[in-house]
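Residue numbers (the working numbering), protein chains in the order written: chain A, 1 to 109; chain B, 1001 to 1115. Cβ atoms here follow ideal geometry from the backbone N, Cα and C, with glycine treated the same way. Right, one structure below, let's go through it.
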Amino acid sequence: GDSVTQMEGPVTLSEEAFLTINCTYTATGYPSLFWYVQYPGEGLQLLLKATKADDKGSNKGFEATYRKETTSFHLEKGSVQVSDSAVYFCALADDKIIFGKGTRLHILP
Amino acid sequence: DSGVTQTPKHLITATGQRVTLRCSPRSGDLSVYWYQQSLDQGLQFLIQYYNGEERAKGNILERFSAQQFPDLHSELNLSSLELGDSALYFCASSVGDGRTTDTQYFGPGTRLTVL
């Protein structure tokens, strides 16, 4: 069946560092791909999405490109801030949505 | 604020008891989803309703049930509670029936503690 694998955390970086959180997927169809973020004490909220191969989703300085050839949707940000500390979930939606286990990100000032 | 509301925010109860969690979706959204988030299991999809009908089922135990009412709010009923049911329960809503491009909007969650 469909699945999502994302890098285990926690990931700890200093402010202004470059961020990559890896996400790969397996799917039989042509899913849409998402990154959701969960800030402390809150529910998940959509960060960005891509609906077809080679699409790039972007929001708040974060980017991810839908790569069909490598079945990946890695999340990147050029310069992280302390306020980016949160848990990040990669997800795919085909017939139903499937979430990865989440990656906790800590940004140190 | 996502526009999805959940009540109560916190719930503390004893093993063997029954509780009901309530969710009101965003205005105009027809789908409601329920998730369980725990430290060891991560985020688990439980069940989805679309316009009053069950649309998809995930890892929902037989002790749990849900329904969506004509006004589109939803309730998740958890019975014969066990210690392991302690978790955060999230509700989410979306406009459509949950197919590929649907974005889900999450509520703030209900934290259930079973003692």
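Where Ser83(A) falls: helix, strand or coil (DSSP): Of the three classes helix, strand and coil, the one that applies to Ser83(A) here is helix, per DSSP.
Residues of the region 1044-1070 of chain B in Cβ contact with chain A at a cutoff of 8 Å, in chain order, please. Within the region 1044-1070 of chain B, those residues whose Cβ lies closer than 8 Å to any Cβ of chain A are, in chain order, Phe1045, Gln1048, Ala1056 and Gly1058.
Span separating the alpha-carbon of Gly1003(B) from that of His1073(B): Cα to Cα, Gly1003(B) sits roughly 13 Å from His1073(B).
Give me the DSSP bridge partner(s) of Ile97(A). Looking at the DSSP assignment, Ile97(A) forms a beta bridge with Ala93(A).
In whole angstroms, what separates the C-alpha of Lys60(A) from that of Gly1042(B)? For Lys60(A) and Gly1042(B), the distance between alpha carbons rounds to 25 Å.
Can the beta-carbon of Trp35(A) be found less than 9 Å from the beta-carbon of Gly9(A)? Not a contact, by the Cβ cut-off of 9 Å.
Taking 9 Å as the CB-CB cut-off, is Gly1(A) touching chain B? Closer than 9 Å: no.
Chain-ordered chain A contacts of Ser1002(B) [CB-CB under 8 Å]: Per Cβ cutoff of 8 Å: Gly43 and Gln45.
Please list the terminal residues of the continuous beta strand (DSSP E) segment that includes Arg104(A). Run containing Arg104(A): Thr103 to Leu108, per the beta strand (DSSP E) assignment.
Between Asp1102(B) and chain A, is there a C-beta pair that is closer than 9 Å? Output row for Asp1102(B): interface = yes.
Under 9 Å between beta-carbons, which chain B residues line up against Phe99(A)? List them in chain order, please. The answer, in chain order, is Tyr1035, Gly1042, Leu1043, Gln1044 and Phe1045.
Give a yes or no on whether the C-beta atoms belonging to Ile21(A) and Leu105(A) are separated by under 9 Å. In contact: Ile21(A) and Leu105(A) (Cβ atoms closer than 9 Å).
Is Leu1061(B) helix, strand or coil by DSSP? Coil at Leu1061(B), not helix or strand.
Compute the distance between the beta-carbons of Leu92(A) and Pro31(A), then report whether it is under 9 Å. Yes, Cβ-Cβ distance for Leu92(A) and Pro31(A) is below 9 Å.
Residues of the region 81-94 of chain A with a CB closer than 8 Å to any CB of chain B: list them in chain order, please. Listed by position along the chain: Phe89, Ala93 and Asp94.
Helix, strand or coil: how does DSSP classify Gly1084(B) here? The three-state reading of DSSP puts Gly1084(B) in helix, counting H, G and I together.
What does Gly9(A) reach in chain B if we use C-beta pairs closer than 7 Å? Within chain B, no residue comes near Gly9(A); the closest Cβ sits about 12 Å away, beyond 7 Å.
Reference Glu1075(B); option with closest CA among Lys1009(B), Ser1024(B), Tyr1050(B) and Ala1014(B): With distances taken between CA atoms, Glu1075(B) lies nearest to Ser1024(B) out of Lys1009(B), Ser1024(B), Tyr1050(B) and Ala1014(B).
Would you identify the three-state DSSP class for Tyr1049(B), choosing helix, strand or coil? Of the three classes helix, strand and coil, the one that applies to Tyr1049(B) here is strand, per DSSP.
Under 9 Å between C-beta atoms of Leu1030(B) and Arg1111(B): Taking 9 Å as the Cβ cut-off, Leu1030(B) and Arg1111(B) do not qualify as a contacting pair.
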